[in-house]
Amino acid sequence: MQFGATIGEACATFAITNIDDLFVLVTFNAEAATSKVMTPFRIAIGQFIGFTVIIAISMIGFGVSLVLPPEPIGFLGLLPILLGIWKFCHLFFPESEEDTEISTAASLKGIFKVALITVMNGGDNIGTYIPLFAQVERAAIAVYIVVYYILLAVWCLAASLIMRQKHILALVQKYVDYVIPLLYTGLGIFIIVKSNCYPWTIQQIDKSTGSNPGEGTMAGVTTFILLASTCAMAWATVAKRKIQNTGDVDLPIRDGTNGTPQETATRDADVDVHRDENSRKRKLW
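Using UniProt numbering, the letters of the sequence shown map in sequence onto residues 1 to 285.
So, in structure tokens, the structure goes:
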């Protein structure tokens, strides 16, 4: 094994298979600019966990010799699309942000989301690493994996530094709520198109039936999934907003002064009456 050549091959294969992950990391760091749960450190943890899963699947595939085709993994790209739709729904029904305490469950949820999308975007990595590992020595595989993790840390740092530019951060904070849903939707479409999962599935359906129902079947299934999920998320968002509004109404009325809630409400009503009288006087003049 030529050590220098092996490192060069590892760098080249990582760059080829992970150039799109830089876009994914920038997307997550854009969300972290205004999120209390998502942070660059948690993004890096999720990225490393997801990449570890990719390496594990690649090693299993190396052992069983391409038993698992990479194309079906691309269907997981529907999840980022649904995530983008969910965030788009929140533009119309924003959640209250009064509670600034971040629970451990929320932190783990952010890490899991990064790891899951990293795995979803790893179909090309798996398709490349399995035959690559099958063609090199075992010692070279170890070198490849070590170099991959080093470059992954560089990727995470580069994405974080890009978002720390003040002019970029100012734009992100201004438009992030509108851009993030589009980025997640675009990421899902990119994963699906790149993985070639739809043509592969259509071909498998056509082969198994002896006719050509693949395109219609996939179009119908995809449309149903997207419409049903969108309606369910819209309903859940509206229902959650109604529950929040009901909770706000049920809170006792207090203005920071002494007295019972009923007395405070009476004082507020008197203030409103005086305001109405003053408003009528101004109209007369």
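Cβ coordinates follow ideal geometry from the N, Cα and C atoms, glycine included.
Predicted model only: the values in this text are computed from it and were never measured.
Residues of its chain near residue i, where Cβ-Cβ distance is below 8 Å and the 5 sequence neighbours each way are ignored
i	result
I55	Y129, I145 and Y148
M233	L82, I85, W86 and C89
Straight-line gap, residue i to residue j (C-alpha atoms, nearest Å)
i	j	result
A140	D177	44 Å
F41	M163	14 Å
I150	L83	30 Å
G61	A134	10 Å
F51	T118	7 Å
A32	G4	38 Å
T13	I243	50 Å
K87	K36	16 Å
V26	G63	34 Å
V143	G74	28 Å
D21	I57	18 Å
C11	N212	42 Å
Y175	L161	19 Å
T39	I49	15 Å
A170	N29	13 Å
V154	D206	44 Å
F190	S208	28 Å
C197	P72	5 Å
I7	V136	13 Å
E215	Q204	11 Å
Q2	E9	11 Å
I16	T201	25 Å
D124	V53	14 Å
K194	L152	21 Å
L183	F112	18 Å
L76	V179	21 Å
H90	R138	49 Å
Residue i burial status per 10 Å Cβ neighbour count (16 or more: buried)
i	result
P181	buried
K240	exposed
P131	exposed
K109	exposed
N245	exposed
T237	buried
residue 287	Past the edges of the chain, shown from 1 to 285, lies residue 287, and the structure says nothing about it.
V24	buried
G210	exposed
I192	buried
A159	buried
Q47	buried
R81	Checking the displayed sequence, the identity of residue 81 turns out to be Ile instead of Arg. Buried, since its Cβ has 16 or more Cβ neighbours within 10 Å.
G188	buried
Own chain residues within Cβ distance below 7 Å of residue i, not counting five before or after
i	result
I225	L78
T230	I85
N121	D20, D21, V24 and I191
E97	Per-residue confidence for E97 stands at a pLDDT of 48, beneath the threshold of 50, marking its modelled position as unreliable; the derived number appears in the next sentence. Nothing listed; no residue qualifies.
Beta-carbon proximity list for residue i, same chain, < 6 Å, skipping 5 on both sides
i	result
T257	Residue placement at T257 is flagged as unreliable, the pLDDT there being 49, under the threshold of 50; a coordinate-derived value is accordingly withheld.
I43	F28 and V114
P199	none
T185	I81 and G84
8 Å Cβ cutoff, residue i in contact with chain C
i	result
M120	Structure shown: chain C not included; a single protein chain is present.
(message) Which runs of the alpha helix (DSSP H) at least 4 residues long sit entirely within the segment 171-252? Give them in chain order.
(response) List check, alpha helix (DSSP H) in window: 197-209 and 214-250.
(request) Kindly provide the ranges of any beta strand (DSSP E) runs that are 3 or more residues long and lie completely inside the segment 11-39, ordered along the chain. (result) For the beta strand (DSSP E) assignment, the segment 11-39 encloses no uninterrupted run of at least 3 residues.
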